[in-house]
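Worksheet: the structure to be examined is printed underneath.
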Amino acid sequence: MVPTGFAALDRLLPAGGVRRGGLIEWIDLIERGGEAVAPPAGRSGSADGSRCLPAGGATALACAIACRIAERSDGGAIIVVDRRGWFHPPAVLPWLGDRESSLYVARPAREADEVWAIDQALRCPGVAAVIGWPERVHSTALRRWQLAARTTGAVGLLVRPSYTRRDPTWAEARVAVKPVALPLPVAESATGRVAVARQTDLAIRRLRLALVGGPWCGDETVAEQQADLLLDMRWGKEGWGKEGWGKEGWGKEGWGKEGWGKEGWSWGREGWSQDAGRQAWRMVGAAPESRQPDAAERQRAHERSRAGEDPPEHGKERVSCRAS
Amino acid sequence: MPRFMTIWLPRWPVQRRFVEQPQWRAAPLFVCRQRHTGVMTVVSWWLPPLPDAPRGAARDQSGGIVAGMALAEAMEVLARSRGVQACRSAVIDPDDPVADREALAGLARWCRRFAPVAAVEYGADGGREPARSQGFQPECIHVDVGGTAGFFGGEERLARLAVWTLSGRGFHARTAIADTPAAAWAAAHHTNRLAEIGCRGAAVSGSRRGGGGTAEGTPTAAHHGDRRPADSAVARPVDQEGNGDGGPGSPGARGVSSSRGSWPARPDSSSRRFAVVPAGEAAALLAPLPASALRLDESDLERLAELGIDTLGGVLRLPRKELAARFGTTLPRRLAEFSGARAEPLAPPEADALPQARHAWEAPVLLRDMPRDILERIVERLVADCVAPLAAAGHGITALQVRLERPRWNGGADAAMAEGPTVIDVGLYRPSAAVAHLTDLVSLRMARAPLPREIDAVAVEVLAAGRTTARQRLLFDGAAEASQAQVGMLLDRLSGRLGRRAVFAPRIVADAQPEHGWMAAPPLVPARGGGASDRGPRAARTAGERPHGMATGSRRAARREHRSAPGVDWKPAAQRRPTWLVPRPRRLEVVSVVPDGPPVRLRRQGRWERVLHAQGAERIETAWWRGACVRRDYWIVEVESGERLWIFRRLPDGAWFLHGLFA
Numbered sequence: 002m003v004p005t006g007f008a009a010l011d012r013l014l015p016a017g018g019v020r021r022g023g024l025i026e027w028i029d030l031i032e033r034g035g036e037a038v039a040p041p042a043g044r045s046g047s048a049d050g051s052r053c054l055p056a057g058g059a060t061a062l063a064c065a066i067a068c069r070i071a072e073r074s075d076g077g078a079i080i081v082v083d084r085r086g087w088f089h090p091p092a093v094l095p096w097l098g099d100r101e102s103s104l105y106v107a108r109p110a111r112e113a114d115e116v117w118a119i120d121q122a123l124r125c126p127g128v129a130a131v132i133g134w135p136e137r138v139h140s141t142a143l144r145r146w147q148l149a150a151r152t153t154g155a156v157g158l159l160v161r162p163s164y165t166r167r168d169p170t171w172a173e174a175r176v177a178v179k180p181v182a183l184p185l186p187v188a189e190s191a192t193g194r195v196a197v198a199r200q201t202d203l204a205i206r207r208l209r210l211a212l213v214g215g216p217w218c219g220d221e222t223v224a225e226q227q228a229d230l231l232l233d234m235r236w237g238k239e240g241w242g243k244e245g246w247g248k249e250g251w252g253k254e255g256w257g258k259e260g261w262g263k264e265g266w267s268w269g270r271e272g273w274s275q276d277a278g279r280q281a282w283r284m285v286g287a288a289p290e291s292r293q294p295d296a297a298e299r300q301r302a303h304e305r306s307r308a309g310e311d312p313p314e315h316g317k318e319r320v321s322c323r324a325s
Numbered sequence: 272m273p274r275f276m277t278i279w280l281p282r283w284p285v286q287r288r289f290v291e292q293p294q295w296r297a298a299p300l301f302v303c304r305q306r307h308t309g310v311m312t313v314v315s316w317w318l319p320p321l322p323d324a325p326r327g328a329a330r331d332q333s334g335g336i337v338a339g340m341a342l343a344e345a346m347e348v349l350a351r352s353r354g355v356q357a358c359r360s361a362v363i364d365p366d367d368p369v370a371d372r373e374a375l376a377g378l379a380r381w382c383r384r385f386a387p388v389a390a391v392e393y394g395a396d397g398g399r400e401p402a403r404s405q406g407f408q409p410e411c412i413h414v415d416v417g418g419t420a421g422f423f424g425g426e427e428r429l430a431r432l433a434v435w436t437l438s439g440r441g442f443h444a445r446t447a448i449a450d451t452p453a454a455a456w457a458a459a460h461h462t463n464r465l466a467e468i469g470c471r472g473a474a475v476s477g478s479r480r481g482g483g484g485t486a487e488g489t490p491t492a493a494h495h496g497d498r499r500p501a502d503s504a505v506a507r508p509v510d511q512e513g514n515g516d517g518g519p520g521s522p523g524a525r526g527v528s529s530s531r532g533s534w535p536a537r538p539d540s541s542s543r544r545f546a547v548v549p550a551g552e553a554a555a556l557l558a559p560l561p562a563s564a565l566r567l568d569e570s571d572l573e574r575l576a577e578l579g580i581d582t583l584g585g586v587l588r589l590p591r592k593e594l595a596a597r598f599g600t601t602l603p604r605r606l607a608e609f610s611g612a613r614a615e616p617l618a619p620p621e622a623d624a625l626p627q628a629r630h631a632w633e634a635p636v637l638l639r640d641m642p643r644d645i646l647e648r649i650v651e652r653l654v655a656d657c658v659a660p661l662a663a664a665g666h667g668i669t670a671l672q673v674r675l676e677r678p679r680w681n682g683g684a685d686a687a688m689a690e691g692p693t694v695i696d697v698g699l700y701r702p703s704a705a706v707a708h709l710t711d712l713v714s715l716r717m718a719r720a721p722l723p724r725e726i727d728a729v730a731v732e733v734l735a736a737g738r739t740t741a742r743q744r745l746l747f748d749g750a751a752e753a754s755q756a757q758v759g760m761l762l763d764r765l766s767g768r769l770g771r772r773a774v775f776a777p778r779i780v781a782d783a784q785p786e787h788g789w790m791a792a793p794p795l796v797p798a799r800g801g802g803a804s805d806r807g808p809r810a811a812r813t814a815g816e817r818p819h820g821m822a823t824g825s826r827r828a829a830r831r832e833h834r835s836a837p838g839v840d841w842k843p844a845a846q847r848r849p850t851w852l853v854p855r856p857r858r859l860e861v862v863s864v865v866p867d868g869p870p871v872r873l874r875r876q877g878r879w880e881r882v883l884h885a886q887g888a889e890r891i892e893t894a895w896w897r898g899a900c901v902r903r904d905y906w907i908v909e910v911e912s913g914e915r916l917w918i919f920r921r922l923p924d925g926a927w928f929l930h931g932l933f934a
């Protein structure tokens with residue numbers, strides 16, 4: 002059992018971490034790359050064209066977890082099975098550090114080849130983690146993958162399209178991922194508070210995770226099955242808030258029951274609805290009680306982030322989703 | 272009755288390079304050597320055929336360039352004849368006589384399929400030939416075909432087969448069969464002249480008939496052998512390897528026939544590629560050839576020219592007694608070798624023979640009647656036979672070739688091999704002696720390859736072998752090395768089914784342009800203890816180190832990352848590269864407050880979205896001397912929905928593009 006390195010995710014997963022020898026499915030809620038990118042021209046004509054382009058942070062999270070698993074397994078290889086062909090390794094190679102040579106990429110052209118490649122990779126004893134984006138997979142193939150992983154102890158991290166969220170699965174857990182925009186710094190002006198878009202160092206990424214159940218679950222998601230985490234894109238590890246992300250911005254008053262209601266997490270046609278999220282922000286911005294962190298607190302947070310310390314213990318400065 | 276076949280590979284250094292780098296055929300090539308004075312001299316050269324040269328014309332390959340002239344002089348001649356563009360595109364390669372010799376030895380071993388004894392020629396006195404300083408460069412292979420010609424259906428068929436199979440491998444060769452190696456050497460170097468002599472009085476027709484080229488005329492002494500009617504009517508054997516012959520001076524470089532890969536359609540040259548000198552008639556037939564056909568020294572040739580003797584016949588008629596006194600030892604020796612009085616021993620290359628095994632059936636077998644596992648078991652047995660001697664010496668197989676040979680169609684004319692065999696090449700990243708693994712790879716390939724209808728034999732040949740690391744098994748094995756080997760085998764299997772280019776290990780290259788910022792390296796599984804990371808050359812740095820346009824925190828972060836000496840080992844920062852890279856950047860509509868400033872709004876699929884955060888600008892400029900200059904300002908933007916995009920603004924015209932997604 003390998004802890005993922007993200008405390009929130011560890012609490013979500015049933016085993017308290019990633020269990021070796023199993024699969025984990027990720028469902029990225031931003032499919033089609035936000036529809037900015039049409040299906041790839043070269044392959045869309047054939048039956049094997051990829052229609053789904055997950056662009057919401059699930060891939061980065063999966064890669065970070067894979068790096069963590071490879072660290073712990075002391076020399077295991079990471080195999081990326083990339084049928085679409087758009088995977089850009091320089092995003093992930095720096096996270097491996099010295100073990101840059103343990104990342105291998107395979108590019109099958111057909112779906113059958115992709116299924117076979119993932120199967121072969123999971124069967125190999127020297128492989129620590131397999132990352133893939135399979136779309137239409139028969140459940141027998143999934144079962145075969147799970148058995149292969151169980152014999153060798155490899156971990157399969159598969160990012161699936163959202164229409165599979167209700168399918169029965171052989172994976173240990175199915176986690177839905179959605180990116181959340183960083184809070185806008187608010188500035189006071191003569192006419193009131195105004196949110197200012199400012200260039201920032203986008204090293205930290207905020208992701209919202211939720212455990213997705215099988216077909217027996219309704220559309221509701223329980224608050225305990227949700228979590229927020231911060232992914233530090235520089236090292237693929239958990240990040241923590243910097244100046245401006247102090248407790249006040251993420252405090253409980255912003256995340257009360259109103260923000261976490263069903264309407265914020267509905268699985269409607271539009272996917273995650275963002276209205277409740279915006280409402281929550283509006284609440285934060287308009288609440289007169291919320292104060293800016295004072296200079297001392299800001300300085301402390303700044304020092305901490307600069308020194309590269311370990312994040313403070315959980316619950317103090319970062320988001321806690323538990324209604325406590 | 273001893274008979275020898277000589278295979279001459281003209282301009283062997285150039286031919287060897289062409290086989291390794293076929294793209295060099297399109298441009299002039301100079302193989303040069305640096306002399307002790309520091310001057311580069313041309314050892315061998317190649318000029319691609321001019322596109323507008325008429326097909327039937329004899330192409331002037333020399334163009335005024337002679338071996339031994341200085342490189343600068345040769346380039347000058349090239350510039351005069353072909354223009355400065357040809358000079359710019361010329362490829363200059365240093366001479367490598369050791370590699371040439373080894374490759375020729377390998378080819379000689381391959382020629383053992385014609386006869387058991389095949390050897391590379393060696394120079395007079397075992398060494399120096401004044402024409403080329405610093406050693407003799409062999410270009411011919413002598414094969415002793417005394418008793419084996421009958422297996423191929425006659426000497427002429429054998430000679431033609433040799434030319435044909437070598438052209439199938441990409442070599443341009445000329446062969447001749449005669450009584451002695453010296454006579455065969457002379458005949459092979461002058462097959463043109465022999466053809467002209469033989470064809471005197473007979474019109475060379477366009478179709479290929481009877482020995483190729485000599486039409487209705489009487490079968491000449493130089494091309495004896497049965498005249499086969501309807502030669503060209505038979506479907507020409509399709510070459511398995513693609514191009515027909517592609518050697519220097521060959522017509523196969525263009526034309527429809529070469530694209531189909533069959534024998535070249537020019538009858539004239541095909542008739543001049545091989546010659547058979549009947550027994551006892553060497554002196555008579557080869558008399559008109561020039562005296563250099565005897566492999567004499569230049570000084571001897573000059574002296575003979577002074578005496579007015581240019582032809583071989585003239586040299587043969589000289590009285591032998593005074594030769595030794597006047598000409599030294601070389602000339603009498605060559606004459607003795609020519610007439611057969613002195614034997615010229617052939618020294619086959621060391622038996623570095625890689626094992627091969629073959630299983631043949633008595634009658635051709637239809638593949639659809641044979642269950643697949645029987646074929647696999649046969650292949651497994653052959654592979655085990657090949658692996659056994661290697662494994663005993665601690666070697667493993669790195670490259671393997673399995674050939675499914677089709678039956679020879681004896682009914683047809685001119686079909687020594689009706690169709691070429693189906694060849695399956697298997698390559699491994701690490702030498703392996705595991706029979707099961709090799710058979711697995713072969714069966715993966717066989718499942719994909721188009722198999723012939725019926726086969727006659729299965730042959731397995733080891734093309735390359737390497738040393739395997741011996742591992743002593745421990746009782747409580749840590750399984751670390753075992754897992755490395757397993758990963759290697761997994762990569763072999765993946766590349767066997769997906770293709771060798773579809774499996775790779777990515778490496779970051781210190782190139783500013785993101786499309787070229789990483790390369791796909793062959794996935795060699797490193798030894799334990801970590802792999803070496805690539806240190807790329809110093810490349811253009813991005814503006815990540817310039818304080819322009821970056822917030823304070825990130826500048827500090829940038830300084831932290833580049834703590835090592837800047838410029839020596841440049842890599843892009845981890846968070847600055849997206850996970851998905853769009854292969855072709857897509858056009859976007861972006862609104863920014865200031866033309867050079869950060870984007871404020873984006874338009875995607877017709878909807879305007881607000882940009883919440885933008886990090887940048889990372890200016891990437893590629894070197895102007897590298898060609899098309901790329902100047903872009905990259906921004907990482909976070910949109911309202913939380914997505915992060917990697918967009919850039921093209922600097923010359925300010926157009927915005929989407930280049931990546933942070934997935």
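Protein sequences appear in the order of chains Y and V.
Residue numbers for the first sequence follow the working numbering, so the first one is 2 and each next one is one higher.
Residue numbers for the second sequence follow the working numbering, so the first one is 272 and each next one is one higher.
All residues carry an ideal CB built from backbone N, CA and C; glycine is no exception.
Distance from Y/Thr-170 to Y/Glu-26 at the Cβ level is roughly 6 Å; contact confirmed, criterion being Cβ atoms closer than 8 Å.
Three or more Cβ pairs closer than 8 Å define a contact, and the stretch 542-561 of chain V meets that threshold against the stretch 424-434 of chain V.
Within its own chain, the residues whose Cβ lies closer than 8 Å to the Cβ of V/Thr-710, once the five positions on either side in sequence are excluded, are Glu-647, Val-650, Glu-651 and Val-654, listed in chain order. Chain order gives the chain V residues near Y/Gly-127 as Ser-754, Gln-755, Gln-757 and Val-758, where near means a beta carbon separation below 7 Å. A check of alpha carbon separations from V/Pro-559 across V/Glu-573, V/Asp-571 and V/Gly-585 identifies V/Gly-585 as the nearest.
V/Arg-858 has a beta carbon lying at 8 Å or more from every beta carbon in chain Y.
Inter-residue distance for V/Gly-611 and V/Ile-448 is about 14 Å (C-alpha atoms, whole angstroms). Taking a C-beta cut-off of 7 Å against chain Y, the contacting residues of the stretch 774-785 of chain V are Val-774, Phe-775, Ala-776, Pro-777 and Ile-779, listed in chain order.
For V/Arg-921, the enclosing beta strand (DSSP E) has its first and last residue at 915-921.
Under the DSSP definition of a beta bridge, V/Thr-693 partners with V/Leu-675. Distances from the alpha-carbon of V/Gly-599 to those of V/Asp-581, V/Leu-567 and V/Ala-618 put V/Leu-567 closest. Sixteen is the threshold: since fewer than 16 other Cβ atoms of the shown chains lie within 10 Å of the Cβ of V/Glu-860, the residue is exposed. Across the structure, Y/Pro-126 and V/Ala-773 are spaced so that their CA atoms are roughly 22 Å apart. Against chain Y, the CB of V/Arg-764 has a partner CB under 8 Å away; the residue lies at that interface. In this structure, the straight-line span from the alpha carbon of V/Ala-885 to that of V/Pro-866 is close to 15 Å.
In this structure, the straight-line span from the alpha carbon of V/Ser-315 to that of V/Thr-601 is close to 26 Å. In the three-state reduction of the DSSP assignment, Y/Leu-183 falls in the coil class. In the DSSP annotation of this structure, the continuous segment of the beta strand (DSSP E) that includes V/Pro-856 starts and ends at 851-863. Considering only beta carbons, the part of the stretch 51-65 of chain Y lying closer than 8 Å to chain V consists of Leu-54, Pro-55, Ala-56, Gly-57, Gly-58, Ala-59, Thr-60, Ala-61 and Cys-64, in chain order. Residue V/Ala-753 holds the alpha-carbon nearest to the alpha-carbon of Y/Ala-78 among V/Arg-304, V/Ile-779 and V/Ala-753.
Looking at the backbone, the Cα of V/Val-862 and that of V/Arg-768 are separated by about 47 Å. At a cut-off of 8 Å between C-beta atoms, Y/Ala-172 does not count as an interface residue with respect to chain V. Looking at the DSSP output, V/Pro-777 sits in a beta bridge with V/Ala-791. In this structure, V/Leu-873 keeps its C-beta atom at 8 Å or more from the C-beta atom of V/Val-901.
Beta bridge pairing from DSSP links V/Val-910 with V/Val-882. V/Glu-911 reaches chain Y at Ala-182, counting residues in chain order whose Cβ is nearer than 7 Å. Collapsing the DSSP output to three states places Y/Pro-109 in coil. Counting C-beta atoms within 10 angstroms of its own C-beta, V/Phe-385 has 16 or more neighbours from the protein chains shown and is therefore classed as buried. In this structure, DSSP gives V/His-460 a helical state, which the three-state scheme calls helix.
The beta carbon of V/Ala-614 is closer than 7 Å to none in its chain, skipping five residues each way along the sequence.
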